[in-house]
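Residue numbers (full-length UniProt numbering): 1 to 80.
Quick look at the structure:
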């Protein structure tokens, strides 16, 4: 549901696929690592104002929990 100028909103879902390989796994010529995964975690925001509006408080709590549990300095992160 977009207007003539391209403004609008459409519900959708997304996905991502990661090819994960151990750091000590053999690599072929020219293969390089693009990133290191140092920690993962999940949360559920529970009831929020809308399906597409997660709780900013719970998202911040999730990040803080991951940083503390894994000794991650947020100032040293780069999100792509």
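Glycine included, C-beta positions come from ideal geometry on N, C-alpha and C.
Who are the Cβ neighbours of residue i in its own chain at under 7 Å, not counting the five residues just before and after it?
i, result
"residue 72", "38, 39 and 66"
"residue 43", "58 and 62"
For residue i, write down the residues that DSSP places opposite it in a beta bridge.
i, result
"residue 53", "50"
"residue 6", "DSSP lists no partner for residue 6."
Quick one: residues in its chain with C-beta nearer than 8 Å to the C-beta of residue i, no 5 flanking neighbours on either side, listed in chain order?
i, result
"residue 45", "54, 55, 58 and 59"
"residue 74", "63 and 67"
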